[in-house]
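Encoded as structure tokens, the structure appears first; notes follow it.
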Amino acid sequence: MPRRLPPPPALFTARRHELARLDAWLATDRTPLVVLTGPGGIGKSALAAQWLDGVRDRFPDAALHTDLGDPASDPVEDFLRASGVPAHRMPDDPVLLYRALVARRRVAVLLDDAKSAEQVRPLLPDAGVAVVTSRSPLGLDGARVVEVPPLGPDSSLELLERLVGSRVVAERPAAEELVRRCGGSPLALGIVGARLAAGSARTLAAELCALRAEGVAVDPTDAGTTEPLFDLVRSGLPARHARALRLCALLPGPSFDAVGAAVATGEPECRVAALLADLTEWNLLTDAPDGRHRYHALVRAQARQVRVAEHEAARRRIAEWYVVLGRSAPAGELRAAARMAIRSGWPDLVWRLGEALAGRCRADARVPVLEAAADAARRADDRAAQARLTVALADARTRSGRFAAAVRAATEAVLLADRAGDTVTVARAMRRVGRIAVAARRASGHPPVG
157 MPRRLPPPPA LFTARRHELA RLDAWLATDR TPLVVLTGPG GIGKSALAAQ
207 WLDGVRDRFP DAALHTDLGD PASDPVEDFL RASGVPAHRM PDDPVLLYRA
257 LVARRRVAVL LDDAKSAEQV RPLLPDAGVA VVTSRSPLGL DGARVVEVPP
307 LGPDSSLELL ERLVGSRVVA ERPAAEELVR RCGGSPLALG IVGARLAAGS
357 ARTLAAELCA LRAEGVAVDP TDAGTTEPLF DLVRSGLPAR HARALRLCAL
407 LPGPSFDAVG AAVATGEPEC RVAALLADLT EWNLLTDAPD GRHRYHALVR
457 AQARQVRVAE HEAARRRIAE WYVVLGRSAP AGELRAAARM AIRSGWPDLV
507 WRLGEALAGR CRADARVPVL EAAADAARRA DDRAAQARLT VALADARTRS
557 GRFAAAVRAA TEAVLLADRA GDTVTVARAM RRVGRIAVAA RRASGHPPVG
């Protein structure tokens, strides 16, 4: 099984008390479940990555990570794909396979940005450790909860000094006001520090004047107070970097590589890779495994707020790219790309993405996409595609327990395929009618006939 945790932060600072508590729990609890809670940008994920890296030898069998806050994330499928299960072999109930794979193994699981306990429970290992980051305590049975506080003044100055060096000592009063305006937020401090490090001739006093002029005064408990800081950062970025930061935020999925960034921006891969390296150095992106990049949730939300005319062209390129990737793409990302095409009114892409999604992800999640895809094929007057998608829709409705609707879809698919002269799909649709009947009898508690 894989080891796919995010790397520990290069400039991790303080948190000695929190790390000691986690070590103590691990020493006394065979399978600890820990929830790190606090506002966005406070350093929950950094603390989790730092601690798990320090105890990695305790969990030699696997280390798994997923971002539960990303709507394009399908965590169970992501884990199974990382474990070597190919997309076309995904079972009807992937949770059962996942739990069988991690059973009795010493694994570490990091679940970032959880919104509810229901998201977390199916992913908890039987043996090993699970660390959950969330903006709320979640109320999970047996969980140890750590409230991650803002960095104190001394720790904030230590982090700033590690970013910009001796200028903190030389301009102590300005440094102290800078860290006060960052509110103990490691994210804000990292961004301000990176701005200073990028301009070695820029004084802390000059940066402080810029923060005052924009009214920057970050309160970690109020996400809205980060907006002036992001406005300041965007205004100071070179145009091509600012454009890449905006457009790559449109990509579905928790992380992306230079190929995806090249699609989003329309720039050559080698050129956009250099932009991503700069944005990572400036703490606007972070490193992810396999040479990929990821946004902090707050940075991504701010980047997506800036609406520009070229967004539609970028979304079109991204959706077309997922058509090319087809079934090799993660199901959650395919579903997000299909929804993007539906919202944008691109029926030619909707039905192609729907076909790639057939048989993938949870049945109830793919039903609305397949309904839209079948309708898009109808409007494109492609009866063969409509028939194939309607068979897939019948399958998804069956697995969702909507047997009457499934029969209607399978019957319609027979007629559509027959009119299109597609004998293979006619046969598939007729077999589907029989399978629906068997599934319905099983669901009602009656054994199948014959």
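In my numbering, the protein residues as written are 157 to 606. By construction, the Cβ of each residue, glycine as well, lies at the ideal position given by its N, Cα and C atoms.
Strand pairing of residue i, partner residues [DSSP]
{"i": "S290", "result": "T193 and A270"}
{"i": "R255", "result": "DSSP output for R255 lists no bridge partner at all."}
{"i": "F412", "result": "H449"}
{"i": "G284", "result": "V263"}
{"i": "L220", "result": "V265"}
{"i": "E303", "result": "T193"}
{"i": "R553", "result": "Answer is none; R553 lacks a bridge partner."}
{"i": "R558", "result": "R558 is not bridged to any residue."}
{"i": "R159", "result": "A219"}
Residue i to residue j span [Cα, whole Å]
{"i": "T581", "j": "A414", "result": "39 Å"}
{"i": "V285", "j": "L393", "result": "40 Å"}
{"i": "E363", "j": "R291", "result": "30 Å"}
{"i": "F168", "j": "A350", "result": "15 Å"}
{"i": "C404", "j": "V320", "result": "28 Å"}
{"i": "L175", "j": "L192", "result": "11 Å"}
{"i": "A593", "j": "F559", "result": "8 Å"}
{"i": "L182", "j": "P293", "result": "19 Å"}
{"i": "A366", "j": "E466", "result": "29 Å"}
{"i": "L360", "j": "A270", "result": "37 Å"}
{"i": "C426", "j": "Y254", "result": "37 Å"}
{"i": "R508", "j": "R473", "result": "14 Å"}
{"i": "D213", "j": "V263", "result": "10 Å"}
{"i": "I498", "j": "V211", "result": "45 Å"}
{"i": "R300", "j": "A583", "result": "55 Å"}
{"i": "S411", "j": "R450", "result": "5 Å"}
{"i": "V287", "j": "A417", "result": "30 Å"}
{"i": "R598", "j": "A166", "result": "55 Å"}
{"i": "V462", "j": "D434", "result": "20 Å"}
{"i": "A326", "j": "E332", "result": "12 Å"}
{"i": "D378", "j": "R456", "result": "16 Å"}
{"i": "L189", "j": "G298", "result": "7 Å"}
{"i": "A357", "j": "V374", "result": "25 Å"}
{"i": "E527", "j": "D217", "result": "41 Å"}
{"i": "G355", "j": "L315", "result": "18 Å"}
{"i": "V348", "j": "R396", "result": "20 Å"}
{"i": "S322", "j": "L343", "result": "21 Å"}
{"i": "D234", "j": "P329", "result": "48 Å"}
{"i": "A540", "j": "D268", "result": "42 Å"}
{"i": "V232", "j": "A256", "result": "12 Å"}
{"i": "A562", "j": "E423", "result": "44 Å"}
{"i": "R535", "j": "D578", "result": "19 Å"}
{"i": "G501", "j": "A529", "result": "11 Å"}
{"i": "P408", "j": "S239", "result": "22 Å"}
{"i": "A420", "j": "V241", "result": "28 Å"}
{"i": "A533", "j": "R277", "result": "38 Å"}
{"i": "G515", "j": "D230", "result": "14 Å"}
{"i": "A430", "j": "R318", "result": "24 Å"}
{"i": "R591", "j": "S272", "result": "35 Å"}
{"i": "A400", "j": "P227", "result": "21 Å"}
{"i": "G482", "j": "E468", "result": "21 Å"}
Distance between beta carbons of residue j and residue i, contact taken as under 8 Å
{"i": "P281", "j": "V265", "result": "6 Å"}
{"i": "A596", "j": "A569", "result": "Actually they are not in contact, since the Cβ atoms of A596 and A569 sit about 17 Å apart, beyond 8 Å."}
{"i": "E511", "j": "R544", "result": "6 Å"}
{"i": "G199", "j": "V304", "result": "6 Å"}
{"i": "L385", "j": "V372", "result": "5 Å"}
{"i": "L440", "j": "A475", "result": "The pair is not a contact, with the Cβ atoms about 25 Å apart (cut-off 8 Å)."}
{"i": "V523", "j": "A552", "result": "5 Å"}
{"i": "L513", "j": "A487", "result": "7 Å"}
{"i": "S312", "j": "L345", "result": "6 Å"}
{"i": "S556", "j": "D531", "result": "At roughly 18 Å, the Cβ-Cβ gap does not stay under 8 Å, so S556 and D531 are not in contact."}
{"i": "P162", "j": "P445", "result": "7 Å"}
{"i": "V525", "j": "R588", "result": "Going by Cβ atoms, the distance from V525 to R588 rounds to 18 Å, so no, they are not a contact pair."}
{"i": "P306", "j": "S341", "result": "6 Å"}
{"i": "Q542", "j": "L571", "result": "Between L571 and Q542 the Cβ distance is about 10 Å, and since that is not below 8 Å, they are no contact."}
Below-7 Å beta-carbon distance, residue i vs any chain B residue
{"i": "A414", "result": "Protein chains in the displayed structure number just one, and chain B is not present."}
Closer than 6 Å: residue i CB and nearest the ligand NAP heavy atom
{"i": "V304", "result": "Looking for the ligand NAP in the displayed structure turns up nothing, as the structure carries no ligands at all."}
For a minimum of 4 consecutive residues, which ranges assigned as the alpha helix (DSSP H) are wholly contained in the region 436-476? 453-461
Hey, which unbroken runs of the alpha helix (DSSP H) at 4 residues or more fall wholly within the region 562-597? none
Ignoring anything shorter than 3 residues or poking outside the region 161-205, list the beta strand (DSSP E) runs there in chain order. 189-193
Mind the definition here: the region 195-210 touches the region 485-504 only if three or more C-beta pairs lie below 8 Å; say whether that holds. no
Indicate whether the contact test is met: 3 or more Cβ pairs, each with one atom in the region 332-346 and one in the region 214-228, closer than 8 Å. no
Sequence ranges, alpha helix (DSSP H) only - wholly within the region 489-557, length at least 4: 503-513, 519-535 and 539-555
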